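*Asks:* Residue numbers (my numbering), protein chains in the order written: chain A, 1 to 577; chain B, 1 to 250.
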């Protein structure tokens with residue numbers, strides 16, 4: 001399946017235009033780059049942040065604990081002020097009943113002392129004889145049964161002057177508002193005898209706890225207090241609905257909960273010398289942990305990378321894909337059949353070289369095509385010429401007149417002979433069909449031709465034939481001999497004014513068939529020999545015939561001319577076998 | 001009675017023409033034949049024809065060249081060009097130089113008859129005027145003429161008429177005067193010059209066709225005829241004898 005998909009993708013990708021490929025590639029690179037960048041940053045940051053959070057948390061918790069303790073120390077100092085107050089001591093030592101005056105004075109003193117301290121909601125001073133005085137800011141219920149139970153007082157006696165902290169006085173007090181109370185309880189001893197005289201209870205509001213973390217809270221960071229029995233003390237926040245949010249019996253404890261990206265750090269700290277367990281919940285905030293300088297660095301890195309990629313992309317587009325696209329478009333014009341050269345201003349690099357090579361190739365192709373056309377034209381011209389040669393009206397009409405004369409003056413035998421020869425000649429001469437005929441037929445044409453010419457020109461020549469029977473069946477292009485013989489007669493024999501010989505020789509040597517036409521006419525000098533194959537030459541029949549043979553066999557060396565002025569001319573055709 | 005001359009390189013065709021023309025029973029007489037333009041130039045002054053038939057294709061001097069010369073020298077001469085079909089366009093362009101008609105080969109008797117009738121009509125219209133400008137002359141002019149001939153006999157196109165025109169004589173007058181003064185016809189004198197030179201060449205063993213060219217009769221066939229008539233021997237015999245003589249001598 002995956003292999004299949006990969007193959008499909010590969011096929012699709014390779015079918016895209018180069019430009020598209022580059023685009024996709026860049027898109028992929030940019031995406032990959034960004035993802036990688038984000039992931040690296042993310043994990044790095046997270047780890048950093050965790051360490052920082054965890055370290056920081058403990059410090060914060062300890063400092064909150066210290067705040068609370070210092071607050072309690074203040075309360076302790078205040079309690080000592082109360083205990084050493086003259087009026088209060090007087091009240092504790094008074095024996096008479098009613099002691100309204102003493103109690104009144106003590107109450108006044110308590111007001112005076114506590115007035116300058118925060119958090120205090122009520123102060124009770126219980127004498128051991130169950131007499132007591134108190135002051136209070138709100139209404140506080142007192143459950144006296146609790147106070148007298150041995151269980152409740154034991155620890156206080158054991159502390160012997162040290163303070164004990166209990167929530168709601170260990171069940172002895174309850175605020176009417178329902179807010180929990182933090183009770184500060186200690187034994188009051190007689191300064192002189194050091195015997196217990198009373199129990200002092202200072203009920204403090206939960207604002208004492210709130211104040212301890214007042215400046216440390218934020219929407220991402222909340223604190224909670226638990227008592228020694230792991231009961232939550234309501235300080236204003238609802239307990240979050242987190243299962244793990246439960247204190248354990250350890251001085252300090254920290255856990256991380258929540259899914260990726262929504263982590264929360266839960267921490268618990270048992271504040272020493274108090275019954276309180278401080279709990280904290282902190283939501284992780286990544287932004288907070290990325291320092292602003294590094295944000296700038298990151299942004300500029302990303303920007304620089306994107307800029308570089310875009311720059312490379314533009315470079316590739318401008319210098320590679322666009323020129324190639326234009327080149328391809330220009331080359332595409334050749335599809336319409338015009339092999340037109342590409343004339344684009346392309347840079348002088350590999351693409352420019354490609355264009356030049358392409359152009360050079362086109363030039364070559366055009367040259368080849370022209371050569372082919374030229375060759376085709378020449379072949380056609382040669383064939384046309386051969387056709388015109390075939391008709392030979394001049395020869396026919398003159399021969400007819402000759403025969404007409406024979407009919408009028410000579411024997412009918414001669415006329416019959418002449419007409420038969422003429423008929424044979426034209427039958428072979430004009431025969432349609434294959435362009436190749438056996439050499440025997442070709443020789444026949446020449447024989448008939450010369451016989452007719454003898455009638456016309458009064459035996460001014462003799463014709464001789466030296467024929468090799470073995471080669472007579474070899475096929476040769478039609479009408480290659482007659483034009484040569486005609487040339488011999490008109491350009492060699494007749495200008496000489498003497499009786500001459502025209503001799504046809506055929507022979508085979510190695511892989512060549514040689515056919516010679518010899519005449520001992522006027523011959524040619526070198527100068528004339530040189531012009532024999534030129535266009536403006538009068539003996540057109542010769543040139544046309546040679547060219548026809550050359551095209552037919554696709555080679556140049558198909559003939560040879562030997563001549564001596566005033567003596568002879570011999571044209572030899574070389575036919576490859 | 002009008003005089004006709006036939007010029008064609010094929011004897012058979014000349015004969016055919018002769019028979020055909022005679023059969024027409026027109027008021028015509030065939031006075032001479034020539035087998036080439038060269039022969040015609042040399043003999044036309046003897047025959048003084050009114051009409052010539054000229055084949056367009058002949059070696060050494062073709063029908064067109066001959067016609068151009070003839071029209072220049074014999075303004076009254078009627079020239080009928082004979083041509084095979086593949087020369088037809090060429091022949092037609094000759095009308096411009098002043099030939100009277102052209103006939104296509106193979107020869108058609110009707111066409112020949114019609115053409116001849118037309119030409120005879122033209123001849124009848126053009127009166128024969130034979131002004132004989134008698135020019136006072138002296139020995140001097142004859143000497144000049146001889147000198148001219150001896151200088152120019154190798155030119156193939158000179159004949160009695162062209163010499164007369166050169167010296168501004170009437171042709172027949174010149175002919176008569178020359179014969180009277182020298183005891184020899186002018187054409188014969190020209191031939192004598194050529195043949196004497198030819199004999200010299202023959203003795204050197206020069207090939208006949210070359211000699212013929214050198215002495216102003218580039219048609220070797222006609223040359224050979226003239227040579228035999230003049231010397232009574234074939235050129236080849238002359239040449240052979242002479243070379244054997246030379247061989248004996250050496």
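The beta-carbon is built from N, C-alpha and C at its ideal position, and this holds for glycine as well.
These numbers come from a predicted model, not from an experiment.
What did DSSP end up calling residue 168(B) once you bin it into helix, strand or coil?
*Replies:* Translated into positions along the second chain, residue 168(B) becomes position 168. Three-state result, residue 168(B): coil.
*Asks:* Does the structure place the region 14-24 of chain B close enough to the region 199-214 of chain B that three or more beta carbon pairs sit under 8 Å?
*Replies:* no
*Asks:* Under 8 Å, CB to CB, which of the residues in the region 110-122 of chain B have a partner in chain A?
*Replies:* none
*Asks:* State the beta-bridge partners of residue 223(A) as determined by DSSP.
*Replies:* Position 223 of the first chain, counted from the start, is the residue given in the question as residue 223(A). Answer is 280(A).
*Asks:* With a CB to CB cut of under 8 Å and the five nearest residues on each side skipped, what residues in its chain are close to residue 555(A)?
*Replies:* Locating residue 555(A) in the first chain gives position 555, where the first residue counts as 1. So the list reads 576, once near-sequence residues are dropped.
*Asks:* If you compare alpha carbons, which of 155(A), 271(A), 533(A), 373(A) is closest to residue 70(A)?
*Replies:* Taking the first chain and counting its residues from 1, the one referred to as residue 70(A) is at position 70. Cα-wise, what sits closest to residue 70(A) is 271(A).
*Asks:* Just verifying my parser: in three-state terms, what is the DSSP assignment at residue 492(A)?
*Replies:* Working through the first chain from its first residue, we reach residue 492(A) at position 492. It is helical.
*Asks:* Can you tell me whether residue 42(A) is buried or exposed? The criterion is at least 16 other CB atoms within 10 Å of its CB, across all chains shown.
*Replies:* Your numbering for residue 42(A) matches position 42 in the first chain. Result: exposed.
*Asks:* By how many angstroms is the C-alpha of residue 564(A) removed from the C-alpha of residue 155(B)?
*Replies:* Your numbering for residue 155(B) matches position 155 in the second chain. Your numbering for residue 564(A) matches position 564 in the first chain. One C-alpha to the other measures close to 27 Å.
*Asks:* Can residue 505(A) and residue 465(A) be called in contact, C-beta distance under 9 Å?
*Replies:* On the first chain, position 505 is the one that residue 505(A) refers to. On the first chain, position 465 is the one that residue 465(A) refers to. Yes, they are a contact pair.
*Asks:* What is the C-beta distance between residue 138(A) and residue 175(A), in whole angstroms, given that I count them as a contact (C-beta under 8 Å)?
*Replies:* One-based indexing of the first chain puts residue 138(A) at position 138. One-based indexing of the first chain puts residue 175(A) at position 175. Right, the Cβ-Cβ distance comes to about 6 Å (below 8 Å), so this counts as a contact.
*Asks:* Please tell me whether residue 462(A) has its Cβ less than 9 Å away from any Cβ of chain B.
*Replies:* Position 462 of the first chain, counted from the first residue, corresponds to residue 462(A). No Cβ of chain B is located within less than 9 Å of the beta carbon of residue 462(A).
*Asks:* Would residue 572(A) count as contacting chain B if we go by Cβ distances under 9 Å?
*Replies:* Counted from its first residue, the first chain places residue 572(A) at position 572. So, not an interface residue.
*Asks:* Take residue 461(A) and list the residues in its own chain whose beta-carbon comes closer than 6 Å to its own, dropping the five residues that flank it on each side.
*Replies:* By 1-based counting over the first chain, the position of residue 461(A) is 461. 493, 500, 502, listed in sequence order.
*Asks:* Which partner residues of residue 519(A) appear in the DSSP bridge assignment?
*Replies:* In the first chain, the residue the question calls residue 519(A) occupies position 519. DSSP lists 502(A), 569(A) as the bridge partner or partners of residue 519(A).
*Asks:* Interface residues of chain A around residue 224(B) at Cβ under 7 Å?
*Replies:* Position 224 of the second chain, counted from the first residue, corresponds to residue 224(B). Near residue 224(B) (Cβ distances below 7 Å), the residues of chain A are 497.
*Asks:* Note down, in chain order, each residue of its chain lying with its Cβ closer than 6 Å to the Cβ of residue 573(A), except the 5 sequence neighbours on either side.
*Replies:* Residue numbering aside, residue 573(A) sits at position 573 when the first chain is read from its first letter. The beta carbon of residue 573(A) sits closer than 6 Å to those of 515, 559, all from its chain and outside the five residues before and after it, given in chain order.
*Asks:* Among the candidates 296(A), 299(A), 353(A), 297(A), whose CA atom is the shortest distance from the CA of residue 324(A)?
*Replies:* As a position in the first chain, residue 324(A) is number 324, starting the count at 1. Ranking the options by Cα distance to residue 324(A), first place goes to 353(A).
*Asks:* For the 8 Å Cβ check, are there 3 or more pairs between the region 206-217 of chain A and the region 172-192 of chain A?
*Replies:* yes
*Asks:* Should residue 477(A) be flagged as near chain B, meaning a C-beta pair shorter than 9 Å?
*Replies:* Against the first chain, residue 477(A) aligns to sequence position 477. No, residue 477(A) lies away from the interface with chain B (no Cβ there is under 9 Å from its Cβ).
*Asks:* So, is the C-beta of residue 236(B) closer than 9 Å to a C-beta in chain A?
*Replies:* The residue labelled residue 236(B) in the question sits at position 236 within the second chain. Yes - at least one Cβ of chain A is within 9 Å of the one on residue 236(B).
*Asks:* Quick one, which residues of the region 7-22 of chain B are near chain A if we go by CB-CB under 7 Å, in chain order?
*Replies:* 10, 11, 12, 13, 15, 16, 19
*Asks:* From residue 341(A) to residue 355(A), what does the alpha carbon distance come to, in whole angstroms?
*Replies:* By one-based count along the first chain, residue 341(A) stands at place 341. By one-based count along the first chain, residue 355(A) stands at place 355. So the alpha carbons of these two residues sit roughly 9 Å apart.
*Asks:* If the cut is a Cβ gap below 7 Å, which residues of chain A does residue 105(B) touch?
*Replies:* Taking the second chain and counting its residues from 1, one reaches residue 105(B) at position 105. Here the neighbours are 397, 398, 401.
*Asks:* Out of 4(B), 57(B), 230(B), which one is the CA nearest neighbour of residue 194(B)?
*Replies:* By 1-based counting over the second chain, the position of residue 194(B) is 194. If we check each option's Cα against that of residue 194(B), 230(B) comes out closest.
*Asks:* Which runs of the alpha helix (DSSP H), 4 residues or longer, sit entirely within the region 306-378 of chain A?
*Replies:* 322-332
*Asks:* What residue range is occupied by the uninterrupted alpha helix (DSSP H) comprising residue 220(B)?
*Replies:* Taking the second chain and counting its residues from 1, the one referred to as residue 220(B) is at position 220. In the DSSP assignment, residue 220(B) falls within the unbroken alpha helix (DSSP H) covering 220-231.
*Asks:* Ordered along the chain, which non-local residues of its own chain (more than five positions away) have a Cβ less than 7 Å from that of residue 57(A)?
*Replies:* Walking along the first chain from the start, residue 57(A) turns up at place 57. The answer, listed in chain order, is 254, 265, 267, 280, 282.
*Asks:* Buried or exposed: which applies to residue 404(A), given that a residue is buried once 16 or more other Cβ atoms fall within 10 Å of its Cβ?
*Replies:* To locate residue 404(A), count along the first chain from 1; it is residue 404. The residue in question, residue 404(A), is buried, as its Cβ has 16 or more Cβ neighbours within 10 Å.
*Asks:* In whole angstroms, what is the alpha-carbon distance linking residue 159(B) and residue 36(B)?
*Replies:* Locating residue 159(B) in the second chain gives position 159, where the first residue counts as 1. Locating residue 36(B) in the second chain gives position 36, where the first residue counts as 1. Approximately 15 Å between the Cα atoms of the pair.
*Asks:* Buried or exposed, going by whether 16 or more other CB atoms sit within 10 Å of the CB of residue 4(A)?
*Replies:* Stepping through the first chain from its first residue, residue 4(A) is reached at position 4. Result: exposed.
*Asks:* Check distances from the C-beta atoms of the region 210-222 of chain B to those of chain A and list, in chain order, the residues that come in under 9 Å.
*Replies:* 210, 212, 218, 219, 220, 221, 222
*Asks:* Residues of the region 437-459 of chain A with a CB closer than 8 Å to any CB of chain B: list them in chain order, please.
*Replies:* 455, 456, 457, 458
*Asks:* I want to see whether chain A comes within less than 9 Å of residue 53(B), judged by CB atoms only; does it?
*Replies:* Here residue 53(B) is taken as the residue at index 53 of the second chain, counted from 1. No, because no Cβ of chain A sits closer than 9 Å to the Cβ of residue 53(B).
*Asks:* Hey, how far is the Cα of residue 440(A) from the Cα of residue 498(A)?
*Replies:* Reading the first chain from its first residue, position 440 is the one you call residue 440(A). Reading the first chain from its first residue, position 498 is the one you call residue 498(A). Approximately 30 Å, taken between the alpha carbons.
*Asks:* Give me whichever residues DSSP pairs with residue 463(A) in a beta bridge.
*Replies:* Position 463 of the first chain, counting from 1, holds the residue named residue 463(A). For residue 463(A), which the question treats as bridged, DSSP gives the partners 502(A).
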